[in-house]
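First to last, the protein sequences are chains X and L. Following our numbering, the residues of the first sequence are numbered contiguously, the last one being 300. Following our numbering, the residues of the second sequence are numbered contiguously, the last one being 554. Here the structure comes first, spelled out in structure tokens, and everything after it is commentary.
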Amino acid sequence: MTPALRVSALTKRFGTQQALGGVDLEVAQGEFFGLLGPNGAGKTTLINILGGLARASSGKAEIMGFDVLRDYRQSRRALGIVPQELVYDPFFTAREVLRLQSGYFGIRSNDDWIEHILFKLGLADHADKNMRALSGGMKRRVLVAQALVHKPPVIVLDEPTAGVDVDLRQTLWLFIQELNRAGHTIVLTTHYLEEAENLCERIAMLKQGRVVALDTTRNLLANTHGQLARLQLSSQSDDTMLNSMGLKRLADGQLEFEFQHFSELEALLAKLRLAGLQVQEMHLQEQDLERVFTEIIRRS
Amino acid sequence: MINGSGFVTLLYKELLRFWKVAFQTVLAPVVTALLYLLIFSHVLDQHVQVYPGVSYTTFLVPGLIMMSMLQNAFANSSSSLIQSKITGNIIFVLLTPMSYLELFLAYLMASVIRGVVVGVGVWVATVWFTDLHVLHPLWLLMLTVLATGIMGALGIIAGMWAEKFDQLAAFQNFLIMPLTFLSGVFYSIHSLPSFWQQASHWNPVFYMIDGFRWGFFGLSDVPPTSSFMVVAGCFVAISGLTLMLLKRGYKLRH
Numbered sequence: 001m002t003p004a005l006r007v008s009a010l011t012k013r014f015g016t017q018q019a020l021g022g023v024d025l026e027v028a029q030g031e032f033f034g035l036l037g038p039n040g041a042g043k044t045t046l047i048n049i050l051g052g053l054a055r056a057s058s059g060k061a062e063i064m065g066f067d068v069l070r071d072y073r074q075s076r077r078a079l080g081i082v083p084q085e086l087v088y089d090p091f092f093t094a095r096e097v098l099r100l101q102s103g104y105f106g107i108r109s110n111d112d113w114i115e116h117i118l119f120k121l122g123l124a125d126h127a128d129k130n131m132r133a134l135s136g137g138m139k140r141r142v143l144v145a146q147a148l149v150h151k152p153p154v155i156v157l158d159e160p161t162a163g164v165d166v167d168l169r170q171t172l173w174l175f176i177q178e179l180n181r182a183g184h185t186i187v188l189t190t191h192y193l194e195e196a197e198n199l200c201e202r203i204a205m206l207k208q209g210r211v212v213a214l215d216t217t218r219n220l221l222a223n224t225h226g227q228l229a230r231l232q233l234s235s236q237s238d239d240t241m242l243n244s245m246g247l248k249r250l251a252d253g254q255l256e257f258e259f260q261h262f263s264e265l266e267a268l269l270a271k272l273r274l275a276g277l278q279v280q281e282m283h284l285q286e287q288d289l290e291r292v293f294t295e296i297i298r299r300s
Numbered sequence: 301m302i303n304g305s306g307f308v309t310l311l312y313k314e315l316l317r318f319w320k321v322a323f324q325t326v327l328a329p330v331v332t333a334l335l336y337l338l339i340f341s342h343v344l345d346q347h348v349q350v351y352p353g354v355s356y357t358t359f360l361v362p363g364l365i366m367m368s369m370l371q372n373a374f375a376n377s378s379s380s381l382i383q384s385k386i387t388g389n390i391i392f393v394l395l396t397p398m399s400y401l402e403l404f405l406a407y408l409m410a411s412v413i414r415g416v417v418v419g420v421g422v423w424v425a426t427v428w429f430t431d432l433h434v435l436h437p438l439w440l441l442m443l444t445v446l447a448t449g450i451m452g453a454l455g456i457i458a459g460m461w462a463e464k465f466d467q468l469a470a471f472q473n474f475l476i477m478p479l480t481f482l483s484g485v486f487y488s489i490h491s492l493p494s495f496w497q498q499a500s501h502w503n504p505v506f507y508m509i510d511g512f513r514w515g516f517f518g519l520s521d522v523p524p525t526s527s528f529m530v531v532a533g534c535f536v537a538i539s540g541l542t543l544m545l546l547k548r549g550y551k552l553r554h
């Protein structure tokens, strides 16, 4: 099956600055894909190239098999982008904005779908207000609606929940998951790694314009350091000795132990018993994407 | 469900954009033109006669109509683009499947239409002050479309080039305004010293005004065919340049 998104050896330079340094990426149809990276990693540049807002210096990008330059009409019809910046046209109401956006794609008589997305995004009661009169969260919802107005099979959300309340996040993710279940491919960039961990099946991590990790979310979580144990000892002890056992003292006085297999934890507890130290409290903590992300970005 | 081009919607949106603020975009330039007419005709009507049998007030009106149309055609495309660029909402147009030609035609036609609406407004407002008759209506229409088209295209270039309102104001105040004011709106170039007469021949706006006036009086400073050649030539050249810049995505697609 044609991939929803295929990027090969994509580079982009802004003067002397290399924003993308040869990115290869493929996202299957129907996937929920995460594109993560620190600020300036090249995520937005990549998205802009997909949408035709920027032109690649070299390499190729395709949406649903359509080249973003050669077949730009088809590729743009197949793509909906929710931009990172909170931008809007102050001359129009939310409903007018959606009708216009629909018309830009050559779609007339789209009111049923427009009403549906207004309802799904909680905008129905605000649809006839001027864009200037809407709150930041409402404007963000309109941006999402604009990206969906032409029913694109591929939807790219560039930090769609930046600075918005919990209510919108929940509404938005429920709707996006519904669209994903209906077959739409979702590409998400976010700095809220918990969202990416919960939603994305696969994740690519970018750093300085290069892909430094690309795997399923499950593999990324499993292949980096396994689990963490937090311990509280009943008596004071020498840190040098504890460090030699692989324990790290944290700022709150607790001790942290990182392990892959439970046999390592068992060995630690045995060593502590031999040293005459008693464990007063112990909590196990699973590895989260934030730690994995920090680790991968740090070492790459 | 896809049954048309985005061009129609973009044109409609551009028309809606200026119509929603018609006090500023239509009524204000009509009032400004009327003030020019009242002041200049009050001061000069008894003292100046440019063409035989044509009062100065009547002579003034076609120039004022054309000047208002030109300035507003330029303002329409340039302000729309710069506002969209600065607020960032230009991306809603750039992300669509519309071609650079469709973008060009939509912005250009909206500029022409605003120019015509303002021009008709000035004409209607000055009806009570003059006895103006149209001699060559098709000629007037053709020249109006070409001249406002040139300004609409120049507005697209200025809107693409400018990164802030200050730069656009510079383009407007240091290029468009001098070209329109020094084009013979308020005088015949035959009344100028020979150096300035020669200089006026290098100003394409002079041919727009002079040719437009011929459509009313059948009288002009230069033959109407010369005016047509210059205006049509400028239209082709400036439209070509605008299309080339739009195709490259100049300052729009990075």
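Just so you know, even glycine gets a beta-carbon here, dropped at the ideal spot from N, CA and C.
{"Item": "For residue 165/X, name the three-state secondary structure that DSSP assigns.", "Value": "coil"}
{"Item": "Would you kindly work out how many angstroms separate the C-alpha atoms of residue 38/X and residue 237/X, rounded to a whole number?", "Value": "39 angstroms"}
{"Item": "Can you give me the Cβ contacts of residue 421/L inside the same chain, cut-off strictly under 7 angstroms, excluding the 5 residues immediately before and after it?", "Value": "326, 330"}
{"Item": "Applying a beta-carbon distance threshold of less than 7 angstroms, which residues of chain L neighbour residue 146/X?", "Value": "392"}
{"Item": "Report the residue ranges of all alpha helix (DSSP H) runs contained in full by the segment 383 to 426 of chain L; include only those spanning at least 4 residues, in chain order.", "Value": "391 to 394, 400 to 426"}
{"Item": "Going by C-alpha to C-alpha distance, which of 343/L, 336/L, 380/L, 359/L sits closest to residue 453/L?", "Value": "380/L"}
{"Item": "Whole angstroms is fine: what's the gap from residue 389/L's alpha carbon to residue 83/X's?", "Value": "10 angstroms"}
{"Item": "State yes or no: is the beta carbon of residue 106/X nearer than 8 angstroms to at least one beta carbon in chain L?", "Value": "yes"}
{"Item": "Does any C-beta atom of chain L lie closer than 8 angstroms to the C-beta of residue 89/X?", "Value": "yes"}
{"Item": "Indicate whether the contact test is met: 3 or more Cβ pairs, each with one atom in the segment 133 to 145 of chain X and one in the segment 158 to 178 of chain X, closer than 8 angstroms.", "Value": "yes"}
{"Item": "In the DSSP assignment, find the beta strand (DSSP E) that holds residue 155/X and state where it starts and stops.", "Value": "154 to 158"}
{"Item": "Please state whether DSSP places residue 439/L in a helix, a strand or coil.", "Value": "helix"}
{"Item": "Report the option in 216/X, 259/X, 267/X, 250/X whose CA atom is closest to the CA atom of residue 227/X.", "Value": "259/X"}
{"Item": "Is the separation between the beta-carbon of residue 63/X and that of residue 154/X shorter than 8 angstroms?", "Value": "yes"}
{"Item": "Rounding to the nearest angstrom, what Cα-Cα distance links residue 56/X and residue 71/X in this structure?", "Value": "15 angstroms"}
{"Item": "So what's residue 347/L in DSSP terms, helix, strand or just coil?", "Value": "coil"}
{"Item": "So, residue 373/L versus residue 460/L, is the Cβ gap smaller than 8 angstroms?", "Value": "no"}
{"Item": "Please go through the segment 54 to 124 of chain X and give each complete beta strand (DSSP E) segment of 3 or more residues, from N-terminal end onward.", "Value": "58 to 63, 79 to 82"}
{"Item": "Identify which residue in 201/X, 248/X, 178/X, 169/X has its Cα closest to the Cα of residue 221/X.", "Value": "201/X"}
{"Item": "Identify the continuous alpha helix (DSSP H) that holds residue 467/L and give its terminal residues.", "Value": "465 to 471"}
{"Item": "Is it the case that the Cβ atoms of residue 486/L and residue 360/L are separated by a distance below 8 angstroms?", "Value": "yes"}
{"Item": "Which residues, in order along the segment 407 to 422 of chain L, keep a beta-carbon less than 7 angstroms from a beta-carbon of chain X?", "Value": "none"}
{"Item": "Taking only the alpha-carbon atoms, compute the straight-line gap between residue 127/X and residue 506/L and give it to the nearest angstrom.", "Value": "48 angstroms"}
{"Item": "For residue 72/X, would you say it is in contact with chain L, using Cβ-to-Cβ distances shorter than 8 angstroms as the test?", "Value": "yes"}
{"Item": "Just grab the DSSP bridge partners of residue 8/X for me.", "Value": "60/X"}
{"Item": "Any Cβ of chain L within less than 8 angstroms of the Cβ of residue 54/X?", "Value": "yes"}
{"Item": "DSSP state of residue 452/L, grouped into three classes?", "Value": "helix"}
{"Item": "Look at the Cβ atom of residue 368/L, then the Cβ atom of residue 419/L, and state whether they are nearer than 8 angstroms.", "Value": "yes"}
{"Item": "Quick one: what's residue 34/X bridged to in DSSP?", "Value": "188/X, 203/X"}
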